[in-house]
Structure formats: C-alpha cells, structure tokens
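Here the structure comes first, spelled out in structure tokens, and everything after it is commentary.
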Amino acid sequence: MNKLLVLIINDMVIFPNNEVRIEYDNNYDKQMVDIVDQIDDNLMIIVNPIDEGDISLTSFPKYGVLGRLKLKMNVPNGKTRIVIEGIERVALSSIVEDGFYYRADYEAVTVEEGEEAKSYFSILIKSLENYVAKVPYMGNAIMSQLHGIDCLDDLCDLIVSFLPIKYEDKKKYVVMIDPIARAKALMEDMNRDLKFVELEQRIENEVEKELDDTQKEYFLREKIKLMQKELGDGNNKDSEIETLSKKISKLKCNAKIKEKIKRELDRYESLNSNSPELGMVREYLDWMINLPWNNYTKDTDDLVKVKSILDSSHYALEEVKDRILEYLAVKQNTNNLRSPILCLVGPPGVGKTSLALSIAKSLNRKAAKISVGGINDEAEIVGHRRTYIGANPGRIIQGIRKAGTTNPVFIIDEIDKMTKDIKGDPASSLLEVLDPEQNNKFSDHYIEEDFDLSKVMFIATANYVEQIPYELRDRLEIINISSYTEYEKLDIAKQHLVPKELEEHGLTPLQVQMDDEAIMTLIRYYTKEAGVRELERMIATLFRKIVKSILLNQDMVFYHIDEKLIEEFLGKKKYSYMENDTSKEIGVVNGMAYTVFGGDILPIEATMFKGKGELILTGSLGDVMQESCHIALDYIKANVDLFGIDPKSIDKQDIHVHVPEGAVNKDGPSAGITMTTTLISLFKNQCVDKSIAMTGEITLRGRVLGIGGLKEKVIGAHRANIKTVIIPKENEKDLDEIPEEVRRDLQFIMVENYVDIYKKLFQ
Ligand code: ADP
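Numbering of the sequence shown is given in our numbering, commencing with residue 5 and proceeding in unit increments.
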C-alpha cells in the first residue's frame with residue numbers, strides 16, 4: 005500500500021464520521037491539499053502534533069484520523085477553503101519526510117465492545133441529554149445525529165466533536181483508543197462544564213436582582229468577551245455583533261422569534277473563531293434578520309385601476325382577470341379574506357407568468373417567482389436541516405426573502421413537472437405551503453420557526469392539468485388558458501406586442517408600419533406555437549434589424565413591413581403546417597393532436613402483409629396509445645360481420661400501424677377512433693376522405709368516450725384545411741369554447757358509438 009500524505013493541523017481536531025471546514029493561507033498546506041485533490045480517492049491522514057512548536061518526526065502522535073478531502077475551493081481573500089470528512093481512527097507507522105511533507109503507513113484501529121461498553125453507552129447518552137438540556141450554548145443539533153449510532157466508539161467521537169472544549173483537551177481524544185476511557189473522560193468534561201454553567205447562572209441570578217436589563221446585557225457580554233479571551237480567541241467580532249444586535253432590536257417580528265434570534269446571536273458571540281459552526285450560525289442570523297416577518301404592502305382597492313392595468317398588459321384572459329377583481333371586491337367587504345390559490349394551466353407562451361406578474365403590479369404587491377420543474381427533493385421546498393453542511397432554506401423562503409414582503413404574489417412555475425423519488429415527494433411539501441389551513445405556520449427545516457404564508461397570493465402555472473399531482477390539484481383553483489387562434493394572436497400582436505416592442509426599440513408607429521398581413525405572415529410561417537412568445541421574439545428581431553438599418557443608412561427612416569422585408573430580415577419561411585393533401589389513400593386517416601404548439605392534425609397509417617398475425621407499432625407511441633391500437637384491432641376482429649370484413653383476409657397477416665411526424669407527444673387514448681377507422685379502411689380496402697379528421701377514445705365495446713384539448717385540436721384541424729370533424733358526443737359541451745370564425749367553417753359530427761362513424765364513412 006502506498007504511504008499517505010499527512011496533514012498537520014494545529015488548531016482544530018477532526019474525528020471519524022465528522023466533517024470540518026478549514027481555511028488556509030499557508031502555501032505548503034495548499035500545495036499538499038492540491039496533491040491530495042488529484043489522487044483518486046482524495047485520502048490523507050490528519051494528525052494534531054504533540055508539541056505545536058516542533059513539527060518534526062518526534063512530535064508525531066501514534067494515532068491520527070484517516071480523512072477524505074470532500075471539497076476544495078479558493079476564496080476571494082487568497083485563502084483556500086477545504087472540507088474534510090473523517091473516516092476512521094488509524095495507527096501511524098514508518099513516517100518519512102517527502103520534500104516539504106510527511107508520508108506515513110497506516111492501519112485502522114479496531115476496538116471490541118463488550119457488555120461494559122453497552123452500559124457506558126446508555127449512561128453517556130443520559131449524561132448528554134442532561135448536558136444539552138442545561139447548557140444554553142449547546143444546540144440541539146447533536147441529538148438529531150444520534151440516530152443510527154450503535155456503538156460507544158462512534159458515540160464518543162460524535163459527542164467530542166460537538167463539545168465546546170479547548171483544542172488541547174480535544175486532541176487527546178484522538179489518541180485515546182479505549183472507548184470506555186473516552187466515555188469517562190467525556191462525562192468528566194461535561195460535568196465540569198455543567199458546574200461552570202450552574203455557577204454562572206447563580207451569579208446571573210444575583211446580578212439580575214441588582215441590575216436592570218441593559219446593564220445586565222452589558223455585563224454578560226463583557227463576561228463572554230473575557231471567557232473568549234481566556235479561550236484564546238483573539239478575533240474581534242464586537243462591531244459586527246453590535247450591528248446585528250441593532251438590526252434585531254428593530255426587526256418587526258413576534259417576541260418568540262426575536263428571542264430565538266437573540267439566542268443565536270449569543271451563540272455566535274460565544275463561538276470560537278475557529279469553530280466550524282461560526283459561518284453557519286452567521287448565515288442563519290443573516291436569514292432570520294432579513295426575512296420579512298411582518299412587512300405588508302397594502303392592496304390597491306381601486307377596482308377600475310386594477311382592471312385597466314390588467315387590460316393594458318394582457319389581451320383577453322377574462323376568467324383570470326375577473327377572478328382577481330372578485331377577490332378584491334369581496335376583500336373590501338370583509339376584513340380578513342384569504343388570498344385565492346390560483347393555478348393557470350395552458351401551453352407555453354399564453355401569458356401565464358406575465359399575467360401573474362401583472363396581477364402583482366396591479367394590486368401593488370411585490371412579486372416572487374420560483375420554478376419547481378424537475379425538482380425531486382422535498383428539501384428544495386422546505387429546506388435542509390441546519391445540521392446538514394451547506395444547508396439553506398427551501399425555495400419558498402428564498403422567494404419570500406427576495407420579495408421582501410409578507411404578502412407578495414408568489415408565482416410557482418411548472419407545478420406539473422415535479423418528480424418523486426427516494427429524496428421524498430416535493431408535491432406533498434408544496435401541499436403544506438398551499439394549504440390555507442396550515443400555511444400560516446409554514447415550517448422551513450432550516451429556519452425552524454413558523455412563517456406565516458397565509459397572506460401570500462399564490463399563483464401556480466402548469467402546462468397539463470392531468471400531470472399536476474392529484475393531492476395538489478385539489479387545493480388549487482384551476483383556470484384554463486387555451487392556445488390562441490391565429491386571429492387572437494393577430495389581435496394580441498396589434499394591441500400589445502407591436503406597440504410594446506416599438507417602444508422598447510425607440511421606434512414610433514409612424515416610422516414603422518406593420519399591417520395585418522405582415523403579422524399574419526409571421527404567425528403562420530415564422531412561428532409554430534400555442535402562445536405568442538416566439539411571435540414576440542420575431543417582432544423584436546425585426547425591429548432590432550430595422551433600428552440597425554436606420555442607423556447605418558441614414559436616408560431610409562420609414563419602413564413598411566411586408567412579406568419581402570420579412571424575408572430579407574428574418575430569412576426564408578420556417579414552418580408550414582401539415583398540409584393536408586387531398587389525394588385518396590387506403591389505410592390513412594387524420595387524427596387530431598394536442599401539442600405544445602397548440603393543435604395539429606395527426607395522420608395515422610396502416611398496412612398489412614403475410615406473416616404470423618402480429619401487430620407492429622411504430623412512431624414511438626406511448627403505452628396508452630399502444631393499448632388503444634390493440635383495443636381497436638380486437639374490437640374490429642370481434643365485429644367482423646358488422647363491418648363486412650372477411651376474417652380470412654386478415655388472418656395470418658402482420659399488421660403495421662405507424663404514426664408519423666415527430667414533434668407530437670404520442671400518448672393518450674384519444675387516437676382510438678382514428679386507429680379503428682384506419683384499420684377498417686385497410687381491411688375493407690376503402691378510402692376515407694382526407695378532409696375529415698377525428699378524435700375520441702374507443703372502448704372494447706365500441707363506445708366513444710370524451711377527450712381533452714378539443715379547442716386546440718379543432719383550431720389545428722381548421723388550420724390544416726379540414727372540413728369535417730368527428731368528435732365524441734361527450735365533448736359537445738366544449739364546442740362553445742371554439743372561436744366563432746373557426747366553428748362556422750367546419751361541420752361537426754358528434755358520435756356515441758363507433759357504429760355511427762362506420763355508417764357515415766363506409767356505408
Ligand atoms: P407562459 O408563462 O404562459 O409560458 P409568458 O407569460 O411568459 O407565457 O408570455 C410570453 C410572452 O407573451 C410575454 O411577453 C407576454 O407579455 C406575451 N403574452 C402572452 N399572452 C398575452 C396576452 N394575452 N396579451 C398580451 N401579451 C401576451
């Protein structure tokens with residue numbers, strides 16, 4: 005085995021199963037850490053020399069700790085910060101000098117623990133409980149780490165790593181091998197400390213009688229300073245503590261929280277400057293002092309003004325706007341109305357997030373925004389416990405701090421994109437955040453104190469309502485925002501996007517004229533989306549190029565945007581919708597898809613050839629869509645007589661079904677009737693008119709069930725030149741949502757059973 009490098013530390017002790025952070029400005033140590041950083045397992049041996057003044061072979065102790073370098077980073081003050089994890093106690097041998105460093109062989113120290121050790125184990129835990137309960141500067145953090153410790157050896161190492169004793173006393177515990185001896189020594193150390201604390205408390209009680217509060221505080225602080233001096237802590241934190249203390253006294257929060265913050269400040273004051281906890285306590289104080297515990301903005305109560313701000317920023321979206329106005333109206337009639345918890349559901353770019361921001365502005369509230377898409381760890385929502393290295397509050401508290409008020413509009417984006425795994429279920433943590441029964445006492449693991457979220461107006465956004473975890477969906481007031489038709493996009497562009505972008509580019513409507521036709525060209529051939537985000541970007545690109553061109557060719561200052569100019573500035577047309585060719589083919593039928601771009605038609609193809617009677621499916625179909633295809637086939641096979649199909653003609657034939665066009669999410673049951681029709685067309689050798697498109701789920705008995713996204717699908721079909729649309733009868737109620745200009749061009753056929761479709765298309 006290769007000898008390991010030895011890191012010599014003079015002011016801090018590391019124990020097995022413990023982590024320490026160290027900062028260096030010393031070049032030798034830095035270089036050594038660099039070497040350790042480069043070896044595979046990042047291992048080294050850490051020792052505390054017997055005599056600090058004499059770093060030589062003779063001052064090496066017999067035992068050290070095998071440690072792993074977990075993190076190394078250079079910090080701005082020229083120092084290097086490292087985190088080392090202690091692994092096990094080791095015996096050193098054959099120590100040699102290697103240039104500026106030392107290397108040593110090592111062997112793990114193992115200890116046997118018998119009955120006596122077991123008794124000491126429980127006695128030590130009791131002593132610890134007593135100690136933690138009585139010593140004010142000993143936090144509870146250690147208790148939460150006891151879980152999982154089952155031998156005296158580990159217990160002693162854990163306790164001593166927390167114990168606030170001098171370096172000299174601490175390092176003895178590394179070389180004390182017998183756990184029982186260590187346990188005894190620990191109990192002695194704790195007892196001594198307890199006696200000291202008791203004595204202190206007695207003095208304080210007496211002092212208290214004579215001094216008023218401010219004098220008492222002064223007295224205690226002086227005492228802490230003296231004690232620190234005694235412990236050799238020369239670091240001067242006084243002025244920082246004074247500033248923090250002032251901030252705390254001005255802080256608007258309840259007495260309990262203030263008390264807690266003060267206690268933490270005392271702890272901060274009492275910590276030695278080398279203590280690994282120092283930075284953590286400081287950071288915690290920072291969070292507690294900067295959270296808006298009690299800082300409200302007053303909602304605007306002028307409904308007309310709110311409406312006009314919302315209308316001027318967003319076209320349509322009446323349902324959300326109305327909901328906000330209703331909320332305000334009712335709030336004015338009652339004193340303490342809970343904010344609604346809205347969830348705006350719709351495809352990307354339809355204005356969910358920007359409308360939420362505009363709601364904040366219209367109400368005169370601050371806004372906070374987080375995204376929970378892709379998170380799989382509940383600590384992201386509720387924070388890490390403070391004992392965890394690098395702990396932080398969760399995203400909710402982070403958002404609140406950024407907003408700076410207790411009642412912001414809090415936007416939670418992509419609530420349908422969270423995942424669940426071994427690190428917990430973030431959705432159930434979000435439940436606590438959004439549940440009005442509980443959220444006035446929201447408890448972040450890091451902050452530890454309850455935070456009142458009940459005045460926050462939460463607005464969540466999602467693309468698909470079905471993908472929002474069920475328990476959450478229950479709490480949310482879902483408002484659907486569907487994709488825009490071309491005509492709606494045209495209006496949005498004319499009324500909002502073009503004026504906004506003109507202003508942002510320092511242009512005037514006189515300088516740049518953009519008529520409906522030009523905007524339509526952008527919508528149809530340069531964007532493919534449900535919302536208007538890409539359209540907005542295209543308009544911005546056009547205007548940017550115009551500004552550049554105006555500045556370069558001073559003579560040309562007026563622009564009329566037409567198709568030619570668009571092509572010059574934006575290049576050739578990018579998109580064409582699936583053009584619906586009118587040629588007739590057997591075994592090809594148009595389905596209707598709901599995609600992130602809105603809706604489109606989705607032709608399904610089928611063919612067959614001699615084989616073993618297998619069903620082949622291609623086009624990356626999801627499980628549910630594959631099942632649909634099996635159902636369609638079995639439904640036909642069970643009803644060959646009804647459909648006039650000769651069973652022999654499909655016997656021993658391999659049937660291949662393909663769904664082309666990559667960009668569509670091919671899952672869900674709504675292609676059921678299209679699959680059935682495609683197969684019947686194939687088996688009967690009969691074409692289906694391509695001006696027809698259909699959508700609907702099919703059951704084994706041929707019933708046609710309702711589907712989602714009808715508005716988008718119909719708009720997409722209309723754009724692709726479809727004339728007749730077959731839809732489930734269940735969806736008749738949704739026809740109202742379809743814009744009039746689309747509806748009047750189409751013929752709708754409502755069906756309850758597949759036989760209705762068969763009669764229309766094949767008889
Ligand atoms: P989402 O959150 O739904 O993905 P965004 O809110 O980010 O969409 O909207 C994208 C862009 O489109 C924003 O700049 C927004 O102003 C604009 N926009 C979307 N819908 C509308 C609308 N109804 N009226 C005006 N602008 C809109």
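Every residue, glycine too, gets a C-beta built ideally from N, C-alpha and C. None of the values given here were measured: they were computed from a predicted structure.
- Counting only residues of its own chain and dropping the five nearest sequence neighbours on each side, residue 496 has a CB closer than 7 Å to the CB of 319, 488 and 536.
- Ranked by how close their Cα comes to the Cα of residue 24, the residues 90, 41, 82 and 388 have 90 in first place.
- No Cβ-Cβ contact shorter than 8 Å links residue 13 with residue 61.
- In this structure, the beta-carbon distance from residue 592 to residue 682 falls below 8 Å.
- Taking the Cβ atoms as the reference, residue 450 lies roughly 6 Å from residue 396, within the contact range of under 8 Å.
- Rounded to whole angstroms, the gap between the alpha carbons of residue 160 and residue 301 is 52 Å.
- Remark: C-beta atoms of residue 623 and residue 664 approach each other more closely than 8 Å.
- A straight line joining the alpha-carbon of residue 46 with that of residue 178 spans about 21 Å.
- Per DSSP, residue 284 has no beta bridge partner at all.
- For residue 201, same chain residues with a beta-carbon under 7 Å away, outside a window of 5 residues either side, are 138 and 139 in chain order.
- Within the DSSP bridge table, the entry for residue 500 names no partner.
- Between residue 360 and residue 412, the C-beta spacing is not below 8 Å.
- Judged by DSSP secondary structure, residue 23 falls within the beta strand (DSSP E) whose first and last residues are 23-28.
- Looking at the backbone, the Cα of residue 329 and that of residue 481 are separated by about 15 Å.
- Here the distance from the Cβ of residue 496 to the nearest heavy atom of the ligand ADP is below 7 Å.
- The shortest CA-to-CA distance from residue 618 to any of 638, 659 and 508 is the one to 659.
- Distance from residue 756 to residue 707 at the Cβ level is roughly 7 Å; contact confirmed, criterion being Cβ atoms closer than 8 Å.
- Between residue 95 and residue 66, the gap from beta carbon to beta carbon is short of 8 Å.
- Secondary structure within the segment 292-319: the alpha helix (DSSP H) runs of 4 or more consecutive residues, fully enclosed, are 307-317 (chain order).
- At the C-beta level, residue 462 and residue 416 come within 8 Å of one another.
- Three or more Cβ pairs drawn from the segment 430-440 and the segment 469-483 lie within less than 8 Å of each other, which places the two stretches in contact.
- Contact between residue 702 and residue 620 fails: their C-beta atoms lie close to 20 Å from each other, not under 8 Å.
- DSSP places residue 430 within a helical segment (H, G or I) once states are collapsed to three.
- In chain order, 505 place their CB closer than 7 Å to the CB of residue 544, counting only its own chain and leaving out the 5 sequence neighbours on each side.
- Three or more Cβ pairs drawn from the segment 287-299 and the segment 251-258 lie within less than 8 Å of each other, which places the two stretches in contact.
- With a cutoff of 8 Å on beta-carbon distance, residue 335 and residue 303 are scored as near each other.
- Look at residue 728 here: in three-state DSSP terms it is strand.
- Counting every other CB atom within 10 Å of its CB across the protein chains shown gives residue 687 a total of 16 or more, marking it as buried.
- The Cβ atoms of residue 128 and residue 189 do not sit closer than 8 Å to each other.
- If one requires a minimum length of 3 residues, the beta strand (DSSP E) runs lying completely within the segment 555-615 are 563-565, 592-599 and 602-614, in chain order.
- Residue 40 is a Cβ neighbour of residue 9, given a cutoff of 8 Å.
- Straight across, the Cα-Cα distance linking residue 626 with residue 746 is about 30 Å.
- Per DSSP, the continuous alpha helix (DSSP H) segment holding residue 147 begins and ends at 145-149.
- Within the segment 653-734, the beta strand (DSSP E) runs of at least 3 residues that lie entirely inside it are, in chain order, 657-662, 696-698 and 728-732.
- Using a Cβ-Cβ distance cut-off of 8 Å, the segment 694-701 and the segment 672-681 are in contact, since at least three pairs of beta carbons, one from each stretch, lie closer than that value.
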